[in-house]
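Reading through the structure tokens given below for one structure.
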Amino acid sequence: MSWRLSFFLFSAFITVKEFECQMSTPSLRFGNATTSVVGVPPLRVYRYTTPTPIGECVVLVDEEGAVCLCNWTDCEEEAVCRLRRAYQPREILIEEAAATAKEEEEEEEDGDDSETSDARAYAVRQLRRYFSYSFPPMSGGGRDASVSFCQQKLHALLDGVPIRYPPSTSLTQAAWAALREVRLGEITTYGALAKRCQRPSASRAVGRAMRENHVCLFLPCHRVVGASRALTGFGPGLWRKVWLLRHEQAAIPARQLQRVESVQGTSLKRERA
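The following block contains the structure:
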């Protein structure tokens, strides 16, 4: 190998490492540029946070209120980096929202989703309602019907929130669309989602699509389990997946959830806000 080629490869390596460092530096996550690639305006999104029983959530929405990212703040840095990579070479500009989720609490209590309220905060208001929802005490022969009714109400809170999907492959888009059809209280498998996409042998590709999901909760990848119905990986933490499935009263045996809790060595009954 000639010295010129060696020098070229070394320079390219340094450039890539410098870029990765910039992308992973918290102080550089929120850019101030006003232009992106030639002829393509930057994607401007607004950052909201809201407390939940399993940690503070961060939500990024566009001008119309469509969700671009939803995750927990302890996973935010990596999640934002993945979102930026998905949109490359388009720039993403993140602005702190003028109002926090707490400032929306009064509207939430009044059920005010009128045009006078902040449309961009709609997703956050619905998220707060989702986490604050409690199933009423149920017993007797009508319990199953009552649970199903409550699950429908809880499902509707997030199902009506618009999502902005990043550029991706047709299979990934199909997997995301199939995932959003999974009802609250239900669970599915990677293989079942692959069949819904008319690609029954593409369960691994569907698994990759789940890992590329930028909008947790609104795209409910926590409802996806392994072929053996084992509770497999969830980026924000398996303990959060268990909590969410409990919250939704999903059709998973309690002993299975307890087994995951014991392996995690964490009591999920304790709030982690």
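So the sequence shown is residues -18 to -1, 1 to 255, counted in mature numbering (1 follows the signal peptide of the UniProt record, and there is no 0). From the three backbone atoms N, C-alpha and C, an ideal C-beta is built for every residue, glycine too.
Since C52 sits in a beta bridge, which residues does DSSP pair it with?
-> V41 and V197
For G21 and L136, the rounded distance between their alpha carbons | 42 Å
Between the CA atoms of A159 and V188 - distance to the nearest angstrom | 11 Å
Helix, strand or coil for V164, going by three-state DSSP, please let me know.
-> coil
Residue span of the beta strand (DSSP E) that contains E77, given as start and end | I74 to E78
Given V62 as reference, the closest of P33, Q134, N195 and Q180 once Cα atoms are compared = N195
Identify whether R26 lies in helix, strand or coil by the three-state DSSP scheme.
-> strand
Can you tell me where the alpha helix (DSSP H) with R228 in it begins and where it stops?
-> L220 to H229
Straight-line CA distance for Q231 to S114?
-> 14 Å
List the DSSP bridge partners of V62.
-> Paired residue(s): none; V62 is not in a bridge.
Just the C-alpha distance for E38 and T31, rounded to the nearest angstrom, thanks.
-> 7 Å
Closest residue to C203 among C179, L109, P149 and R165 (Cα-Cα distance) = R165
Which value, in whole angstroms, describes the spacing of the CA atoms of R211 and S116?
-> 26 Å
Is P148 buried or exposed, if buried means 16 or more other CB atoms sit within 10 Å of its CB?
-> buried
Reducing DSSP to helix, strand and coil, say where T170 ends up.
-> strand
Hey, how far is the Cα of R146 from the Cα of F131?
-> 29 Å
Please confirm whether any heavy atom of the ligand FAD lies closer than 6 Å to the CB of Y28.
-> Ligands displayed in this structure: none; no statement on the ligand FAD is therefore possible.
Tell me I145's beta-bridge partners as DSSP assigns them.
-> V49
Report back the beta-carbon spacing between L109 and V41 to the nearest angstrom; my notes put them in contact at under 8 Å.
-> 7 Å
Could you give the residue range of the alpha helix (DSSP H) that holds F113?
-> Y104 to S114
Taking DSSP as the reference, what is the three-state secondary structure of V151?
-> The question names Val, but residue 151 in the sequence shown is Thr. Coil, per DSSP.
Which residues in the same chain as G208 place their Cβ atom closer than 8 Å to its Cβ, once the five residues preceding and following it in sequence are excluded?
-> T171, Y172 and T214
By Cβ distance, which residues of its chain are closer than 8 Å to P182, with the 5 residues on each side in sequence left out?
-> G173 and A176
Which partner residues of V207 appear in the DSSP bridge assignment?
-> T171
Taking the C-alpha atoms as reference points, what is the distance between R193 and V106?
-> 23 Å
So, is R237 buried or exposed, given that buried needs 16 or more other C-beta atoms within 10 angstroms?
-> exposed
Mind checking A103: buried by the 16 CB within 10 Å criterion, or exposed?
-> buried
By how many angstroms is the C-alpha of E59 removed from the C-alpha of V197?
-> 14 Å
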